[in-house]
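Here's the structure we're looking at; comments come further down.
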Amino acid sequence: MSALTNDLKKLTEAAENTAAGEAGFRQKFHLMPPVGWLNDPNGLCQMNGVFHAFFQYSPFNPEGGVKLWGHYISRNMTEWEYRGAVLYPDQPFDCSGVYSGCAYIEDGEMYLYYTGNVKLEDREDYDYINTGREANTVLVTSTDGEHFSRKRLLMRNSDYPSDLTMHVRDPKVWKKDGIYYMLQGARTKKNAGQGIIFQSEDKLNWTFRSRVETEEPFGYMWECPDYFESDGMKVFSTSVQGLEGEEWKDRNVYQSGYFLVDGDILGEYSLSEYYLWDYGFDYYAPQSFETEDGRRIQIGWMGMPDCEEYTNLTIKEGWQHCFTFPREVFVKDGRVCQRPVRELDEKKHLAETASGHLDRDGDQTYEADITGICGNAFRAVLGEELILEYRDGRFEMRFKSRAKDSVSAGRGLRYKEMSELTDVKILADISSVEVFLNGGEYVFTTRYYPKKQGICVDAHDAEIRFWEI
Numbered sequence: 001m002s003a004l005t006n007d008l009k010k011l012t013e014a015a016e017n018t019a020a021g022e023a024g025f026r027q028k029f030h031l032m033p034p035v036g037w038l039n040d041p042n043g044l045c046q047m048n049g050v051f052h053a054f055f056q057y058s059p060f061n062p063e064g065g066v067k068l069w070g071h072y073i074s075r076n077m078t079e080w081e082y083r084g085a086v087l088y089p090d091q092p093f094d095c096s097g098v099y100s101g102c103a104y105i106e107d108g109e110m111y112l113y114y115t116g117n118v119k120l121e122d123r124e125d126y127d128y129i130n131t132g133r134e135a136n137t138v139l140v141t142s143t144d145g146e147h148f149s150r151k152r153l154l155m156r157n158s159d160y161p162s163d164l165t166m167h168v169r170d171p172k173v174w175k176k177d178g179i180y181y182m183l184q185g186a187r188t189k190k191n192a193g194q195g196i197i198f199q200s201e202d203k204l205n206w207t208f209r210s211r212v213e214t215e216e217p218f219g220y221m222w223e224c225p226d227y228f229e230s231d232g233m234k235v236f237s238t239s240v241q242g243l244e245g246e247e248w249k250d251r252n253v254y255q256s257g258y259f260l261v262d263g264d265i266l267g268e269y270s271l272s273e274y275y276l277w278d279y280g281f282d283y284y285a286p287q288s289f290e291t292e293d294g295r296r297i298q299i300g301w302m303g304m305p306d307c308e309e310y311t312n313l314t315i316k317e318g319w320q321h322c323f324t325f326p327r328e329v330f331v332k333d334g335r336v337c338q339r340p341v342r343e344l345d346e347k348k349h350l351a352e353t354a355s356g357h358l359d360r361d362g363d364q365t366y367e368a369d370i371t372g373i374c375g376n377a378f379r380a381v382l383g384e385e386l387i388l389e390y391r392d393g394r395f396e397m398r399f400k401s402r403a404k405d406s407v408s409a410g411r412g413l414r415y416k417e418m419s420e421l422t423d424v425k426i427l428a429d430i431s432s433v434e435v436f437l438n439g440g441e442y443v444f445t446t447r448y449y450p451k452k453q454g455i456c457v458d459a460h461d462a463e464i465r466f467w468e469i
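So, in structure tokens, the structure goes:
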């Protein structure tokens with residue numbers, strides 16, 4: 001361990017010793033930073049039965065800063081153990097931050113690929129887009145998920161296509177027919193977002209192969225790209241910066257969604273329209289992985305970068321942001337859907353059943369399942385301030401007040417037009433709500449900060465099951 005690494009480790013541990021514990025708005029079953037700031041999920045995987053969730057971590061400031069990788073492990077995706085910070089910005093090629101990346105598991109070994117960020121703000125010709133940084137592709141390996149090899153620099157900006165800006169990041173690796181492929185997000189010099197694909201025979205030496213792009217420019221930057229196949233559907237996921245707002249569709253600063261791929265993403269293909277993963281306030285930078293039993297699991301950052309519209313009341317507690325609860329991505333009737341992983345069933349117990357109406361006071365962590373909704377009649381109020389309602393052909397998530405010091409912390413309204421509502425699943429933690437509609441066809445996610453906990457549901461003749469977690 002270098003002197004710099006040792007110093008960063010000591011500073012991180014000192015910051016973590018000031019953690020707020022479990023008081024205030026700390027979550028019960030969502031991953032959070034011990035202290036400071038969390039953003040993108042990184043290196044999600046399962047190896048030898050153990051789930052690993054790495055994350056973008058700034059322990060020194062709840063409003064962000066230089067990024068490390070923190071590390072959680074679990075046997076069931078519901079109970080997690082924090083294992084400390086594992087990757088520090090301690091090399092010339094990642095000195096401004098260990099940015100996002102993925103895990104690839106093969107033959108009992110974990111390969112962690114990430115973007116090493118170098119900011120060049122002292123240059124006289126500094127330009128944030130074209131000359132202001134370096135984006136390096138870096139690899140570390142591990143046989144146990146706890147101890148890691150020395151860092152290996154694989155690619156620099158000079159190894160990427162010459163028509164790209166310095167914004168290339170977030171590698172995702174997979175294998176097909178004996179060849180390894182790496183997908184990265186990029187911004188061209190014409191300010192168009194796209195994915196770029198490299199290939200390798202040994203996971204170390206990579207050459208450029210092809211691009212993933214739309215016929216017309218779609219945003220100026222594609223971040224956190226992902227590609228997977230499920231039940232015959234080919235899904236290319238990416239978080240897009242620079243889209244113009246279209247009513248419900250693009251109300252957040254940036255969007256996270258996916259294209260369905262027709263054809264071969266490595267060859268001839270076409271992309272569908274862009275579908276959002278989540279229609280709520282707080283969802284960005286999702287990453288997926290395949291479990292050892294073959295399920296596709298996705299976790300997103302329950303936050304939103306560069307957002308001035310709203311904030312989080314946890315900042316004054318010394319921490320900010322969390323992950324979504326792990327979601328299984330599956331295909332139903334030709335649609336890509338999401339649902340909480342089944343491991344949650346082991347943590348919940350049935351507390352009440354009702355027909356048409358439910359009123360609970362004081363509950364903080366729970367799942368409410370409302371099925372058999374008749375005539376699209378549905379309304380729920382959580383924490384006396386957050387309203388979930390289907391009316392006039394659309395589902396709404398809205399807060400009564402948008403004051404920055406209220407339950408919403410500045411959040412207002414998000415909605416999705418939909419022809420009918422058949423069922424609703426509400427997953428609530430101390431300071432977050434995730435809502436799954438119509439068997440997971442649509443999802444809404446938000447942070448919230450209730451002064452009084454509880455839920456009231458009105459859904460004519462619907463069956464309501466309330467589970468305590």
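Its first residue numbered 1, the sequence shown is counted upward by one per residue in the UniProt record's numbering.
Glycine is no exception: its CB is placed at the ideal position from the N, C-alpha and C atoms.
Residue i (DSSP reduced to helix, strand or coil)
i      : result
Leu266 : coil
Glu16  : helix
Asn205 : coil
Lys451 : coil
Thr137 : strand
Leu8   : helix
Gly439 : helix
Ser237 : strand
Asp458 : strand
Ser142 : strand
Ser432 : strand
Lys316 : helix
Asp159 : helix
Ala23  : coil
Selected residue, minimal CA-CA separation from residue i, among the options
i           : options                        : result
Asn191      : Glu216, Gly454, Glu201         : Glu216
Glu223      : Ile196, Glu246, Glu292, Cys374 : Ile196
Glu106      : Asn6, Leu437, Glu292           : Glu292
Leu112      : Thr165, Gln27, Tyr104          : Tyr104
Trp319      : Ser2, Lys9, Ala3, Gly24        : Gly24
Asp278      : Val35, Gly267, Ser237, Phe378  : Ser237
Val443      : Val435, Tyr449, Glu328         : Val435
Tyr40       : Thr165, Lys119, Pro225         : According to the sequence provided, residue 40 is Asp. The question's Tyr does not apply to it. Selected option, being the one with the closest Cα: Pro225.
Glu396      : Ile299, Arg342, Glu247         : Glu247
Val329      : Asp7, Gly440, Ile469           : Gly440
Lys332      : Tyr415, Ser230, Cys307         : Ser230
Ala19       : Asn48, Phe60, Ala3             : Phe60
His349      : Ser256, Glu367, Ile455, Lys404 : Glu367
residue 495 : Gly393, Arg398, Trp37          : Since the first residue shown for the chain is 1 and the last is 469, residue 495 is missing from the structure and cannot be characterised.
Ser200      : Phe208, Cys45, Thr214          : Phe208
Gly65       : Thr446, Val50, Asn6, Leu38     : Leu38
First through last residue of the beta strand (DSSP E) which encompasses residue i
i      : result
Pro34  : Taken as a continuous stretch (DSSP letters only), Pro34 belongs to no beta strand (DSSP E), as it is neither H nor E.
Val443 : 442-447
Asn191 : Careful: Asn191 lies outside any beta strand (DSSP E) and carries neither H nor E.
Asn61  : Careful: Asn61 lies outside any beta strand (DSSP E) and carries neither H nor E.
His71  : 68-74
Arg123 : Element bounds for Arg123: n/a, residue is neither H nor E.
Tyr104 : 97-106
Lys249 : Run containing Lys249: none; DSSP gives neither H nor E here.
His167 : 164-176
Phe93  : Counting along the chain, Phe93 falls outside any beta strand (DSSP E), and DSSP gives it neither H nor E.
- Query: Residue ranges of each beta strand (DSSP E) run of no fewer than 3 residues wholly in the stretch 256-313, ordered along the chain?
  - Reply: 269-271, 284-290, 296-302
- Query: At what residue ranges does the stretch 338-416 contain a whole run of the beta strand (DSSP E), taking only runs of 3 or more?
  - Reply: 349-361, 366-371, 378-382, 386-391, 394-399
- Query: So, do the stretch 122-130 and the stretch 95-105 have three or more beta carbon pairs nearer to each other than 8 Å?
  - Reply: no
- Segment contact, 8 Å Cβ cut-off, at least three pairs: the stretch 318-333 with the stretch 259-267: no
- Would you check if the stretch 115-126 and the stretch 81-88 touch, i.e. whether three or more CB-CB distances between them fall below 8 Å? no
- Message: Count Cβ pairs between the stretch 386-405 and the stretch 356-368 that sit closer than 8 Å; are there 3 or more?
- Response: no
- Item | the stretch 416-436 contacting the stretch 446-458, beta-carbon criterion three pairs below 8 Å | yes
- Any contact of the stretch 45-56 with the stretch 3-22, i.e. 3+ C-beta pairs under 8 Å? no
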